[in-house]
Amino acid sequence: MIGKLFRRRTSLLLLAAIGAVIVLLLMGLASGFWAVLILLTVWAVLSAATGPIRQAYLNERIPSAQRATVLSSDNVLASGGGVVFQPTLGKAADVWGYGPSYLVGAVVQLLALPFFLLAGRASSEVQDDEQVIAEHNETLVVSR
Numbered sequence: 001m002i003g004k005l006f007r008r009r010t011s012l013l014l015l016a017a018i019g020a021v022i023v024l025l026l027m028g029l030a031s032g033f034w035a036v037l038i039l040l041t042v043w044a045v046l047s048a049a050t051g052p053i054r055q056a057y058l059n060e061r062i063p064s065a066q067r068a069t070v071l072s073s074d075n076v077l078a079s080g081g082g083v084v085f086q087p088t089l090g091k092a093a094d095v096w097g098y099g100p101s102y103l104v105g106a107v108v109q110l111l112a113l114p115f116f117l118l119a120g121r122a123s124s125e126v127q128d129d130e131q132v133i134a135e136h137n138e139t140l141v142v143s144r
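Numbered continuously in our numbering, the sequence shown closes out at residue 144.
Quick look at the structure:
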């Protein structure tokens with residue numbers, strides 16, 4: 001069903017990242033516990049839903065001989081990002097409170113959006129190349 005709405009995985013990943021930024025902003029601005037809890041649930045569902053899509057995208061783009069190394073490096077970088085940003089967000093929560101720390105988290109998430117745009121552009125170029133090759137192969141088969 002989702003595949004029919006989005007031609008490329010990167011479009012869905014970009015939309016989910018934008019959704020995460022919006023949810024984090026709303027969490028930072030919300031004043032009630034239950035509102036934040038509901039928004040936190042939405043944010044967790046977005047993260048859980050995009051995990052397999054992101055993994056499939058990476059598996060599709062990386063040659064099998066290099067896949068284990070690249071995926072391992074991806075996990076190390078993700079863990080390293082958590083090591084750097086989570087204490088920073090914790091300190092922001094200690095100094096300014098939870099609301100502003102969610103706003104800082106939204107800004108950090110916002111920094112990822114250009115990378116999704118670049119991935120979408122690269123994915124589009126690869127699909128265009130694959131389409132040209134497929135059309136060329138079809139003309140070869142027809143002309144024989």
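We put the CB at the ideal spot given by N, CA and C, even for glycine.
Problem set entry | Residues near G105 in its chain [Cβ-Cβ closer than 6 Å; skip 5 each side] | On the sequence shown, position 105 is the one that residue 105 refers to. Around G105: L24, L89.
Problem set entry | Top-ranked residue by Cα proximity to V42, from Q55, G32, G19, L58 | By 1-based counting over the sequence shown, the position of residue 42 is 42. Here the closest residue by C-alpha is G19.
Exercise. Which ranges would you report for the alpha helix (DSSP H) in the segment 3-68 if only whole runs of at least 4 residues count?
Worked result: Annotation: the segment 3-68 contains the following complete segments of the alpha helix (DSSP H) (minimum length 4 residues), in chain order: 9-29, 33-61.
For this session: Count the other C-beta atoms from every protein chain shown that fall within 10 angstroms of the C-beta of S168, then say buried if there are 16 or more, exposed otherwise.
Result: Nothing about residue 168 can be read from this structure; the chain reaches only from 1 to 144.
Problem set entry | Inter-residue spacing [alpha-carbon to alpha-carbon] between S47 and L77 | For the purposes of this step, residue 47 is identified with residue 47 of the sequence shown, where counting begins at 1. For the purposes of this step, residue 77 is identified with residue 77 of the sequence shown, where counting begins at 1. Approximately 17 Å between the Cα atoms of the pair.
For this session: Within the same chain, show all residues whose beta-carbon is closer than 7 Å to that of A112, passing over the 5 residues directly before and after it, in chain order.
Result: The sequence position of residue 112 within the sequence shown is 112, counting from 1. Once the five neighbours on either side are set aside, the close Cβ partners of A112 are A17.
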